[in-house]
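Note that the protein sequences, when read in sequence, are chains A and B.
Here the first sequence stands for residues 1 to 507, where the numbers follow full-length UniProt numbering.
Here the second sequence stands for residues 1 to 299, where the numbers follow full-length UniProt numbering.
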Amino acid sequence: MSEKEPTGTEAATPNKAGNSVPGLDFNGPWKYDAAPQSSDQIDLREQYDLFIEGHFQKPEKGRYLPSVNPATEETLSSVAEATQQDVDKAVAAARKAYNKTWSEMKAADRGKYIFRLARLIQERAREFAIIETMDGGKPIREARDVDIPLAAAQFFYYAGWADKLDYAFPGRKARPLGVAGQIIPWNFPLLMLAWKVAPALATGNTVVLKPAETTSLTALKFAELCQDAGLPEGVVNIVTGTGQTGSLIVNHNDIDKIAFTGSTEVGKIIMESLAGTDKKYTLELGGKGPNMIFDDAPVDQAVEGIINAIFFNQGHVCCAGSRLLVQEGIADRVLQKLRDRMETLIVGDPLDKNTDIGAINSEQQYNKISEYLELGVEEGAEMYQSSCTLPEKGYFCRPTLFSNVSQSNRIVREEIFGPVLTIQTFRTPEEGIEKANNTPYGLAGGVWTDKGSKIFKVGSKIRSGVVWANTYNHFDPTSPFGGYKESGQGREGGLHGLYPYVELVPG
Amino acid sequence: MNIPDYSQSPPIDQVGVEERVARLNSRSIKKESKIKALEMALSMVDLTTLEGMDTAGKVIQLCQKAKRPHPYQPDLPTVAAVCVYPRLVSVAEKALRGTSIHVASVATAFPSGMAPLEVKLEETRQAIEDGADEVDMVISRGEFLEGNYNYVFDEIAAVKEIVGKAHLKVILETGELQTYGNIRKASDLAMHAGADFIKTSTGKVKPAATQPVTLVMLEAIRDYYYRTGHMVGMKPAGGIRKAKQAIQYLVLVNETLGGNWLHPDYFRFGASSLTNDLLLQIVKQKTGVYQSLDYFSND
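This is the structure in structure tokens:
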């Protein structure tokens, strides 16, 4: 038997004994062939109008925006830009539907419609997954296994609440608010739509929804589902457009509630606009999630958790674990494993079933991430990127980690919203918690330790809406989600997610 | 090198291991990469017969199969080894002489390991003398579960001393160790005691090899490599019957340890019925159609 010597191409790293060990070789002879998901059956119109009162209607000003596939830079379709008159029409349609049908309907019947929407999403799951991937750049594996199933689950879950609201709020009656204006982001287009629309409909409100300008297509496909489901006209209205359209919704006089998911910057503007009005609101904003690895953690699974926390959906995740905090004793080991693991990430065509990291959502976001990469280097951080080759076209970014950083670095403080991780160390749980909380954000965090008592002790001291223990980025419709501090107001999901859409009166 | 404290083997998170396996199973292996995987898997098979009813005749037929897996596909790789009971080593050695196929023998009172140490060592000595160049030993699970790690360590080291330059595969019998924590600990222990390969199972206990167990062992091998620079091999055995499963195992290896381990010197399948399914799929990839099972030899 031959004594085969390792032929690793990476730089040798010294091990504990002081010997130099060649790195593992992940560019070996066995490469997976491309396994692209076919998009032949996908039916996209050249142009999408606004969905108002159950019909697609041309925008008053006749302006359209291109919707680009970020992986190919090709235009997929164009979507209407809604202006004042369009928003007025949509709100009026929602108001009419609220007054005449939706709030008057038996709760069990409302539930039936929502169940129907859930089933239709399941039936057309593959189609939605492919469009989500083409429009937004996320890997088909994630769209197929995460986005679409969770969106359907959200509708199923809230459909169940529709006729049980009396049990959700014992002794009180839950009254709907009226018309909800909902503005959603581009990172999980259909899933965020589901998070917003499902609880609103279940509680008897009607909806004017604005999808993000770069990722409107699945929302418009959802509009087709509303037609297929026979949903009463005007209950769901979808107006596409830029931030301008969003601000028209926020400032509209006949809207009772605003639900926004997006950046903290825009969230602050919305709060200013809403101050002094009687609109209710929920804001789900940015984050800079601390992911804490203790020295008694299951290290290999923690490394996997670090990867899921930051590289899921190209890091376009508001609750991403973008700040890694590792206890000093195991920091070198974790770093070495992390680098090797990053080498195995497949970056490329989002439609390839083997792709782990797809395209950055838009040119604008790509430029923003690139600026942060430059900034990190300028700030003196040590940058490591995986050695993968990137496609020539499209907006792609190598998975990146920055070490030699501290709390005072901007790349540690600001939300990058890309596949960029910073690594810091801590010595004691106390110090770790202090660093974890030393941020204006507070959306999500992670704790990795084999010790149950430590999970509870540390978990309860991290000031964020979600703390995952020995896992990361797990979602479930029954679980509330939302932020502390500048990460937002109010909760979505679960029983908590019903509150923002109802007024409680003595029963 | 210092022998580590086995109570310090890292904890393993069951949910995390199983999720990682599920994610790796979603890899889609097509076209050329599939053919390559199938041929690679074939070259890694330890064709095995371990039954009370084994005879010289049975072993000779198995060796013929090892040399020429498919009667009409002469260009295919041969399997890596034929694995038999010690009594039949000389038969296998004779039948495989002049080929590159290894002769592997189970030893140390396989499968239970419940014999005095002297008997186990004598059995190993005999197998080596008869021509085995690979020995698959079982660890004393009872001693391990009692916490007598030193006993288990010394036993492996004693067997390795007799095995010498031949390769020692250490069977943990993971179905009896049951927890991932135990499996990790036993892997660490076996590698430090001199194992050239660590192996999941005898095939006599259910569950035999599983992918999560294999992943835990591959991660132990990786840590040992980081620590020492020494490459230890891995052999899942038992329960792997389908080509699709075999490819999933190769993905596990490829993305945990990298390409250097994708070689029969560092990865083996302990299996018997897997061979024909690999052949069936290889022929399918090459010709576009499935042959009737009657075209594949059952030895």
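Every residue, glycine too, gets a C-beta built ideally from N, C-alpha and C.
So, under 8 Å CB-CB, ASN470 (chain A) and ASP13 (chain B) are touching, yes? Tell me the CB distance rounded to an integer number of Å. Within the first sequence, residue 470 (chain A) is the residue found at index 470, counting from 1. Within the second sequence, residue 13 (chain B) is the residue found at index 13, counting from 1. Indeed they touch by this definition, with Cβ atoms about 5 Å apart.
Chain B contacts made by the region 304-315 of chain A, where a contact means CB separation under 8 Å: GLU304 and GLY305
Name, going along the chain, the residues of the region 246-257 of chain B whose beta-carbon falls closer than 7 Å to a beta-carbon of chain A. ASN254, GLU255 and LEU257
Can you list, in chain order, the residues of its chain with a C-beta nearer than 7 Å to that of LYS221 (chain A)? Leave out the 5 residues immediately preceding and following it. By 1-based counting over the first sequence, the position of residue 221 (chain A) is 221. Only PHE128 and ILE131 meet the Cβ criterion.
Exposure of LEU293 (chain B), with buried meaning 16 or more beta-carbon neighbours within 10 Å: Working through the second sequence from its first residue, we reach residue 293 (chain B) at position 293. The residue in question, LEU293 (chain B), is exposed, as its Cβ has fewer than 16 Cβ neighbours within 10 Å.
Determine the direct distance from the alpha carbon of PHE296 (chain B) to that of ARG141 (chain B), and round the result to whole angstroms. Counted from its first residue, the second sequence places residue 141 (chain B) at position 141. Counted from its first residue, the second sequence places residue 296 (chain B) at position 296. Straight-line Cα distance between these residues: approximately 38 Å.
Identify which residue in A:HIS316, A:PHE311 and A:GLU328 has its Cα closest to the Cα of ALA297 (chain A). The sequence position of residue 297 (chain A) within the first sequence is 297, counting from 1. The residue with the shortest Cα to Cα distance from ALA297 (chain A) is A:GLU328.
Can you check the region 9-88 of chain A for any beta strand (DSSP E) of at least 3 residues that lies completely inside it and give the ranges in chain order? 50-52, 55-57, 64-69 and 74-80
Which of helix, strand or coil does DSSP assign to LYS242 (chain B)? On the second sequence, residue 242 (chain B) is found 242 positions in, with the first residue counted as 1. Here LYS242 (chain B) sits in coil by DSSP.
May I ask you to report which of helix, strand or coil DSSP gives MET114 (chain B)? As a working mapping, residue 114 (chain B) is identified with position 114 in the second sequence. It is coil, neither helix nor strand.
Do GLY465 (chain A) and ASP476 (chain A) count as a contact pair if the criterion is CB distance below 9 Å? Along the first sequence, one-based indexing puts residue 476 (chain A) at 476. Along the first sequence, one-based indexing puts residue 465 (chain A) at 465. Cβ atoms of ASP476 (chain A) and GLY465 (chain A): not closer than 9 Å.
Express the C-alpha separation of LYS164 (chain A) and LYS58 (chain A) in angstroms, rounding to a whole number. Looking up residue 58 (chain A) in the first sequence gives position 58. Looking up residue 164 (chain A) in the first sequence gives position 164. Approximately 39 Å between the Cα atoms of the pair.
Report yes or no: is there a C-beta of chain A within less than 9 Å of the C-beta of GLY288 (chain B)? Here the question's residue 288 (chain B) lines up with position 288 in the second sequence. Chain A, which has no Cβ nearer than 9 Å to the Cβ of GLY288 (chain B), makes this no.
Does any C-beta atom of chain A lie closer than 9 Å to the C-beta of ASP46 (chain B)? Against the second sequence, residue 46 (chain B) aligns to sequence position 46. It does not; no Cβ of chain A falls within 9 Å.
Can you give me, in chain order, the residues of the region 172-187 of chain B that have a beta carbon less than 8 Å from any beta carbon in chain A? none
Look up LEU168 (chain B) in the DSSP assignment and say whether it is helix, strand or coil. Numbered from 1 along the second sequence, position 168 holds the residue referred to as residue 168 (chain B). Three-state result, LEU168 (chain B): strand.
Alpha carbon to alpha carbon, how far is MET1 (chain A) from ALA331 (chain A)? Locating residue 1 (chain A) in the first sequence gives position 1, counting from the first residue. Locating residue 331 (chain A) in the first sequence gives position 331, counting from the first residue. Below a pLDDT of 50, predicted positions are generally treated as unreliable, and MET1 (chain A), at 37, falls in that range; no measurement from the model is reported.
When the Cβ atoms of the region 346-364 of chain A are set against those of the region 31-41 of chain A, are three or more pairs found closer than 8 Å? yes
Would you check if there are 3 or more beta carbon pairs closer than 8 Å linking the region 67-86 of chain A to the region 105-118 of chain A? no
Buried or exposed (CB count within 10 angstroms, at least 16 for buried), ASN298 (chain B): Taking the first residue of the second sequence as 1, we reach residue 298 (chain B) at position 298. ASN298 (chain B) comes out exposed.
Measure how close the beta-carbons of ASP33 (chain A) and LYS286 (chain B) come, nearest whole angstrom, since I'm counting them as under 8 Å. As a position in the first sequence, residue 33 (chain A) is number 33, starting the count at 1. As a position in the second sequence, residue 286 (chain B) is number 286, starting the count at 1. That pair is no contact at about 16 Å.
Closer than 8 Å by beta-carbon distance: list the chain B residues that pair up with ASP296 (chain A), in chain order. Along the first sequence, one-based indexing puts residue 296 (chain A) at 296. PRO11, listed in chain order.
Using 8 Å for Cβ pairs, my map puts GLY286 (chain A) next to CYS318 (chain A). What's the rounded Cβ distance? In the first sequence, residue 286 (chain A) corresponds to position 286, counting from 1. In the first sequence, residue 318 (chain A) corresponds to position 318, counting from 1. That pair is a contact at about 6 Å.
When the Cα atoms are used, what is the spatial distance from SER187 (chain B) to GLU122 (chain B)? To locate residue 187 (chain B), count along the second sequence from 1; it is residue 187. To locate residue 122 (chain B), count along the second sequence from 1; it is residue 122. Approximately 25 Å between the Cα atoms of the pair.
The alpha helix (DSSP H) spanning VAL266 (chain A) covers which residue range? Residue numbering aside, residue 266 (chain A) sits at position 266 when the first sequence is read from its first letter. VAL266 (chain A) -> alpha helix (DSSP H) spans 264-274.
Of the choices A:TRP161, A:GLY181 and A:GLU374, whose alpha-carbon is the least far from that of PRO199 (chain A)? Position 199 of the first sequence, counted from the start, is the residue given in the question as residue 199 (chain A). Checked all of A:TRP161, A:GLY181 and A:GLU374; the closest Cα to PRO199 (chain A) is A:TRP161.
Let's test the definition: count the other Cβ atoms within 10 Å of the Cβ of TYR224 (chain B) and tell me whether it reaches 16, buried, or not, exposed. The residue you call residue 224 (chain B) lines up with position 224 of the second sequence. TYR224 (chain B) is buried by the Cβ-count criterion.
In chain order, each alpha helix (DSSP H) run of at least 4 residues that lies wholly inside the region 236-324 of chain A: 243-250, 264-274 and 299-311
Per-residue burial, THR428 (chain A) [other beta carbons within 10 Å of its own, 16 or more giving buried]: The residue given as residue 428 (chain A) occupies position 428 in the first sequence. The residue is exposed, with fewer than 16 neighbouring Cβ atoms inside 10 Å.
Selected residue, minimal CA-CA separation from LYS242 (chain B), among B:VAL152, B:GLU18 and B:SER273: To locate residue 242 (chain B), count along the second sequence from 1; it is residue 242. The residue with the shortest Cα to Cα distance from LYS242 (chain B) is B:SER273.
Taking CB distances under 9 Å as the criterion, tell me whether PRO22 (chain A) reaches chain B. For the purposes of this step, residue 22 (chain A) is identified with residue 22 of the first sequence, where counting begins at 1. Yes, because at least one Cβ of chain B sits closer than 9 Å to the Cβ of PRO22 (chain A).
Pick out whichever of A:SER216, A:GLU415, A:GLU104 and A:ASN69 has its Cα sitting closest to the Cα of PRO232 (chain A). Walking along the first sequence from the start, residue 232 (chain A) turns up at place 232. Checking every option, the nearest Cα to that of PRO232 (chain A) belongs to A:GLU104.
Between ARG45 (chain A) and the rest of its own chain, which residues show a CB-CB distance below 8 Å, the 5 nearest in sequence each way excluded? Locating residue 45 (chain A) in the first sequence gives position 45, counting from the first residue. Taken in chain order, the residues that qualify are SER77.
By the 10 Å Cβ neighbour count, where 16 or more other Cβ atoms means buried, how is TYR98 (chain A) classified, buried or exposed? Locating residue 98 (chain A) in the first sequence gives position 98, counting from the first residue. Classification for TYR98 (chain A): buried.
From the DSSP output, read off the bridge partner residues of ASP136 (chain B). As a working mapping, residue 136 (chain B) is identified with position 136 in the second sequence. ASP136 (chain B) is bridged to B:VAL106 and B:LYS169.
Return no unless some Cβ of chain B is closer than 9 Å to the Cβ of ASP340 (chain A). The residue labelled residue 340 (chain A) in the question sits at position 340 within the first sequence. Yes, ASP340 (chain A) counts as interfacial toward chain B.
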